[in-house]
Amino acid sequence: LKLAYPPPGLPATPLPALARLHARGAMAFEAEKAYLQKQGVYEHLSKIVDRVIAEKPTDAYGLVEVLSRLVKQPAKASPPTEEDSAAYIEALKVDATKAQALDKVPMSEENEPIAVPCAVPDFIEEAEMFSWTGVGLGEAESYKVMCSLRNMAAKRDGYTKVRFWGKILGTDADYYIAEGTGGDGGEVEEGEEMDAPGTGVNTCTYFATTDLAGEWIQLPHVKPSEIVAASMIKRHFTGNPKAQVITHPFFDGKEEVYLRAQIARISAETVLCPKGAFIREDPEEPNSSVIPNEEFAMPQPADLFKQEAWIHMVPYILNNGRTAHKELEPPDEDGDKAAYVAALEEQESDPLKDQLRGITEEASSWVVKQAGDSALYKSPIDGKPKCNAVTFVRSLVWPGAMCASQKGNYSNLYIGYGMKAGQPDFFPPAPPDVQDEPEDPGEEEEPQGTEEQPEELAEE
2 LKLAYPPPGL PATPLPALAR LHARGAMAFE AEKAYLQKQG VYEHLSKIVD RVIAEKPTDA
62 YGLVEVLSRL VKQPAKASPP TEEDSAAYIE ALKVDATKAQ ALDKVPMSEE NEPIAVPCAV
122 PDFIEEAEMF SWTGVGLGEA ESYKVMCSLR NMAAKRDGYT KVRFWGKILG TDADYYIAEG
182 TGGDGGEVEE GEEMDAPGTG VNTCTYFATT DLAGEWIQLP HVKPSEIVAA SMIKRHFTGN
242 PKAQVITHPF FDGKEEVYLR AQIARISAET VLCPKGAFIR EDPEEPNSSV IPNEEFAMPQ
302 PADLFKQEAW IHMVPYILNN GRTAHKELEP PDEDGDKAAY VAALEEQESD PLKDQLRGIT
362 EEASSWVVKQ AGDSALYKSP IDGKPKCNAV TFVRSLVWPG AMCASQKGNY SNLYIGYGMK
422 AGQPDFFPPA PPDVQDEPED PGEEEEPQGT EEQPEELAEE
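Numbering-wise, the numbering used here puts 262 at position 261 of the sequence shown, and it's gapless, one number per residue.
Right, here's the structure in full:
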């Protein structure tokens with residue numbers, strides 16, 4: 002559609018006012034045409050109908066053109082005030098200061114770079130691998146995680162390795178979790194029934210923070226009773242480690258305790274490695290310690306693209322919250338034989354599982370996928386075949402848990418809400434408060450009147 006110019010009956014050189022009017026009409030027409038081409042007639046009519054439903058005008062048919070113009074107009078945001086601008090600038094200054102401190106290499110008192118005393122995997126490289134699986138934190142956040150882990154590891158002595166365990170999402174803030182291997186793990190109070198640091202569910206030490214530019218706090222070691230209690234509830238995290246865990250059944254501990262218990266459960270059920278990466282120190286002794294296999298060579302992606310190629314690498318947690326049963330001593334003549342028999346039946350009903358157990362027994366709990374180029378290429382360095390494909394195993398029991406492998410490396414990562422799939426998400430609410438007894442209003446006069454006295458009857 003084109004407008005006739007000049008209109009019939011007018012001179013070839015129109016008046017300036019008429020020319021400006023004609024130009025404005027042409028510009029409006031082109032703008033409306035571009036809008037409809039971008040939005041589409043169906044989308045535009047849908048917005049008009051939504052506007053009619055929302056505002057319910059008395060004459061919707063007559064106001065179609067008005068509503069159409071209102072829908073086309075972009076929403077105008079209110080201009081920021083001076084207070085908003087000042088607060089925004091101050092927030093930018095704080096973020097810039099934190100970013101500079103985060104990016105700064107740790108320095109000694111002699112103003113020399115400090116060598117990180119333990120191994121810290123390159124999370125930037127791991128994040129690139131996980132991006133092929135559809136999971137990640139983005140380039141900027143991944144770089145912040147790497148810098149924060151470096152700064153934290155430089156201040157911690159005694160650890161052999163510090164890696165990024167994952168991110169647990171919360172309602173007010175998110176937890177970034179780091180896993181430390183080795184170290185003393187802190188002291189345990191006497192009398193507490195729990196695995197010693199470096200053993201069982203407390204093999205690793207975990208740290209958490211809600212601000213990558215802030216301080217990392219060490220999470221407390223977990224007790225078996227806390228793991229059992231955590232498995233009975235389902236609750237969102239708030240992001241406050243000292244928050245109360247208000248739920249039913251009752252959980253005796255702050256949110257940091259619940260966080261540590263969930264980390265232990267997730268690690269025991271989702272941390273994987275390729276088959277053969279770890280072996281028993283004594284192959285003939287099933288209870289011997291697990292050590293890395295120095296002769297292990299990463300299989301090709303085609304061999305990893307099946308469940309038989311993956312195994313667990315963290316001890317299995319029993320129903321009692323431990324990784325091993327207690328040794329039972331037969332009772333003597335005066336001992337409680339019934340308690341011994343009950344404990345023995347409990348152990349038989351919940352048998353131990355091998356730490357290096359395969360995932361084929363849990364076939365319905367895992368999905369193995371592959372992304373990227375699965376072709377084999379000849380390496381220019383050693384001439385061996387190599388493949389750039391990413392093979393990853395996703396957990397269906399703990400949504401957000403994943404293990405990925407690429408180019409001879411593998412890594413585990415968890416990004417989720419820290420809740421198990423399929424677990425009952427309803428718990429009965431607490432009963433209402435018992436109502437107080439109502440106040441006794443006392444005796445009231447008979448509404449039908451008082452009993453007639455004999456004198457009143459005589460007068461009548």
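For each residue, glycine too, the CB sits at the ideal point set by N, CA and C.
Does DSSP put residue i in a helix, a strand or coil?
i: GLY183; result: strand
i: MET153; result: helix
i: HIS45; result: helix
i: ALA325; result: coil
i: ILE318; result: coil
i: ILE360; result: coil
i: PHE393; result: strand
i: ARG236; result: coil
i: LEU64; result: coil
i: TYR144; result: helix
i: TYR6; result: Unreliable positioning characterises TYR6 in this predicted model, as indicated by a pLDDT of 46, which lies under 50. The coordinate reading is nonetheless provided below. Three-state result, TYR6: coil.
i: VAL291; result: strand
i: GLN263; result: helix
i: GLY201; result: helix
i: MET1; result: No information on residue 1 is available, as it lies outside the stretch 2 to 461 that the chain covers here.
i: MET299; result: coil
i: LYS73; result: helix
i: ALA431; result: coil
i: ASP51; result: helix
i: GLN308; result: helix
i: GLU31; result: helix
Hey, could you find the ends of the alpha helix (DSSP H) residue i is sitting in?
i: ALA343; result: 338 to 350
i: SER86; result: 83 to 104
i: LEU305; result: 302 to 305
i: VAL229; result: 225 to 231
i: ILE280; result: Unbroken run through ILE280 is the beta strand (DSSP E), 279 to 281; no alpha helix (DSSP H).
i: ILE125; result: 124 to 132
What do you get for residue i, buried or exposed, if any count of 16 or more other CB atoms within 10 angstroms of its CB means buried?
i: ALA97; result: exposed
i: LEU220; result: buried
i: TYR207; result: buried
i: ARG323; result: buried
i: GLU180; result: buried
i: GLY159; result: exposed
i: ASN112; result: exposed
i: HIS249; result: exposed
i: THR271; result: buried
i: SER365; result: exposed
i: TYR62; result: exposed
i: ASN152; result: buried
i: GLU127; result: buried
i: TYR28; result: Per the sequence shown, residue 28 should be read as Met rather than Tyr. Exposed, by the Cβ-count rule.
i: VAL163; result: buried
i: LEU4; result: Its pLDDT being 44, under 50, LEU4 is placed unreliably in this model, and the value from its coordinates should be taken loosely. Classification for LEU4: exposed.
i: LEU2; result: Confidence is the limiting factor: at LEU2 the pLDDT is only 41, short of 50, which leaves the residue's position unreliable and the question unanswerable from this model.
i: THR204; result: buried
i: MET147; result: buried
i: GLN245; result: exposed
Which residue comes first and which comes last in the beta strand (DSSP E) that contains residue i?
i: GLN407; result: 402 to 407
i: PHE208; result: 206 to 210
Could you check which residue in the options has the C-alpha nearest to that of residue i?
i: THR211; options: GLY199, LYS235 and GLU257; result: GLU257
i: ALA154; options: VAL117, ILE169, THR271 and GLY183; result: VAL117
i: GLU66; options: GLN245, ILE49 and LYS57; result: ILE49
i: ASP173; options: ALA339, ALA120 and ASN241; result: ASN241
i: GLY373; options: TYR177, GLU216, PRO122 and PHE306; result: PHE306
i: GLN356; options: LYS338, ILE169 and PHE279; result: PHE279
i: PHE69; options: HIS45, GLU84, TYR89 and ASP60; result: A small correction: the amino acid at residue 69 is Ser; Phe does not occupy that position in the sequence shown. Measuring from the Cα of SER69, the nearest candidate turns out to be HIS45.
i: LEU414; options: VAL394, LYS408, VAL42 and MET420; result: VAL394
i: ILE267; options: SER289, MET314, ALA298 and ALA244; result: MET314
i: ASN294; options: PRO284, PRO302 and ALA303; result: PRO284
i: GLN371; options: ASN410, THR392, ASP304 and ASP383; result: THR392
i: ALA405; options: TRP311, ILE382 and VAL342; result: TRP311
i: HIS222; options: PRO352, ARG261, MET420 and ASP437; result: ARG261
Quickly, what does DSSP pair residue i with across the bridge? List them, please.
i: SER501; result: The structure shown does not extend to residue 501, since the chain spans only 2 to 461, so no value can be given for it.
i: PHE165; result: ALA179
i: VAL369; result: VAL394
i: LYS255; result: GLN245
i: LYS379; result: PRO386
i: HIS313; result: LEU273
i: ALA120; result: LYS162
i: GLY443; result: DSSP output for GLY443 lists no bridge partner at all.
i: GLN219; result: PHE208
i: PRO114; result: MET108
i: GLY417; result: ILE169
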